[in-house]
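Under this note's numbering, the first residue of the sequence shown is numbered 11, with each subsequent residue one higher. Glycine is no exception: its CB is placed at the ideal position from the N, C-alpha and C atoms. The structure appears right after this line, and notes come after that.
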Amino acid sequence: MKPLPFSLPALLCPQPSAEGEGEDLPWPLQRPDRLLFSLPEQEEEGTQQWVEQFKAIIGDAQGFVMADCGMPVPQQRAALLACQESPGKPAFVACLTLDEESHTPDGWDGDASLVLLQSMGCAAVLFTAGDKEVMEELPRLFSTLWEDARIPVGVILPKESDQQLVAAFPRSCLMMGLDESACIHLGELGEKTGFWKRELVIAAPPEEDWFIAVSNGRDHLLDPAFDIDGELECQGDFTQQLLDLESDGCTALRLLLPDEDAVDLFAAEQYMVKMPISLCAQDPVLLERALRAFWGRAVYDGTWPLEEEDLWPLVKKYGLILL
11 MKPLPFSLPA LLCPQPSAEG EGEDLPWPLQ RPDRLLFSLP EQEEEGTQQW VEQFKAIIGD
71 AQGFVMADCG MPVPQQRAAL LACQESPGKP AFVACLTLDE ESHTPDGWDG DASLVLLQSM
131 GCAAVLFTAG DKEVMEELPR LFSTLWEDAR IPVGVILPKE SDQQLVAAFP RSCLMMGLDE
191 SACIHLGELG EKTGFWKREL VIAAPPEEDW FIAVSNGRDH LLDPAFDIDG ELECQGDFTQ
251 QLLDLESDGC TALRLLLPDE DAVDLFAAEQ YMVKMPISLC AQDPVLLERA LRAFWGRAVY
311 DGTWPLEEED LWPLVKKYGL ILL
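What follows is the structure, encoded as structure tokens:
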């Protein structure tokens, strides 16, 4: 993971700096090298196509790149990969809009989004509310999300924020406004509420040896001895076989991927997988293709053994869980 290129606590501003503005502030405004927006979703496009489009936008950026809070989670994941594969390897900051149930606009759980992105090397995640009513619930939602965070997390707050709202996020070491004037207002509130004296605190995991898998926008807390009680080979009738397994009470899936056609089928039908999944391929290249295409966090159980030296890069890049 490439860390943030500035110290914490910090105030982020999505707008590029204008000459002569902000020079007399007692604290700096951290501005992204690039602000990425949602890509039009085209049929048959997926992770690889998004990565290439984001890389063209990122160019030679070296500081940090930030996603717009309206970007779907799978595209934010692709943007993170694009940062890692760009020449300057900038840090990536994800931004997620939540509703009152902590769901993103594309239906992902906030927890699942956070777990996935941080497992792949995201530098920080910012959360905001979809409307004024949800903003009242955001302190509660943020407190729950902070417990699963192993990276810095923060909030995007409206210009009409007051001291009470800023003080409602005591674990946030990052704030952002929607424009420069909102950021300056938040900075002033930060001085009154002690924001600028905060230290980064990371919650301890509840169980050191447990892990969290992610499938179809949902997270699954699993213990090391959990049972993979279903197995399928990804072939033409994959979706029907999967439905049959689910109706039989299957709670975790081992998916065999014997060739590239199987990986392509899995990439197209992955939205059907709603349980923890172990991906099995006979060589590391094929396994990486499957992990790259999968909008989740998968498990490796060693059914088709691969060398440890081939697995660790996949752990680092895609958050692969080794059993």
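Kindly identify the DSSP beta-bridge partner or partners of residue i.
i    : result
R228 : S225
D119 : H113
F137 : L106, V165
L186 : Inspection of the sequence shows that residue 186 is occupied by Met rather than by Leu. L22, I166.
E243 : L266
Residues in its own chain within less than 7 angstroms of residue i by CB, not counting five upstream and five downstream?
i    : result
L49  : W60, Q63, Q85
D239 : C260, T261, A262
I67  : R44, L46
S225 : V283, K284, M285, P286, I287, G306
V211 : R181
Would you give the residue range spanned by the alpha helix (DSSP H) that residue i belongs to?
i    : result
I212 : That residue, I212, is in no alpha helix (DSSP H); it is neither H nor E in DSSP.
V144 : 142–158
L90  : 83–95
E279 : 270–279
L49  : No alpha helix (DSSP H) holds L49; DSSP gives it neither H nor E.
L330 : Counting along the chain, L330 falls outside any alpha helix (DSSP H), and DSSP gives it neither H nor E.
F248 : 248–257
Could you spell out where the beta strand (DSSP E) holding residue i opens and where it closes?
i   : result
A77 : 74–77
L45 : 44–46
Give the secondary structure of residue i by DSSP, where H, G and I count as helix, E and B as strand, and everything else as coil.
i    : result
A71  : coil
Q292 : coil
R264 : strand
R208 : coil
E318 : helix
L324 : helix
Q40  : strand
V309 : strand
L196 : helix
A101 : strand
Which residues in the same chain have their Cβ closer than 8 angstroms to the Cβ of residue i, if we skip the five residues on either side of it in sequence?
i    : result
L242 : F248, Q251, L252, L255, L263, R264, L265, L266
D237 : T261, A262
F152 : F137, V163, V165, F179, R181, S182
Once you ignore the five residues that flank residue i on each side, which residues in its own chain have a CB closer than 6 angstroms to its CB?
i    : result
P24  : L45
L22  : Q40, M186
P97  : D70
P315 : none
For the ligand SAM, I want to know if residue i counts as a neighbour, meaning its beta carbon is within less than 8 angstroms of at least one of the ligand's heavy atoms.
i    : result
P216 : For the structure depicted, the ligand SAM is absent and the ligand set is empty, with no information on it obtainable.
* Should the stretch 126–142 be called in touch with the stretch 96–115, which here means at least 3 C-beta pairs below 8 angstroms? -> A contact between stretches requires three or more CB pairs, one per stretch, nearer than 8 angstroms, and the stretch 126–142 meets this requirement with the stretch 96–115.
* Are the stretch 318–332 and the stretch 296–305 in contact at 8 angstroms, needing three or more beta carbon pairs? -> The stretch 318–332 makes contact with the stretch 296–305: 3 or more CB pairs, one atom from each, lie closer than 8 angstroms.
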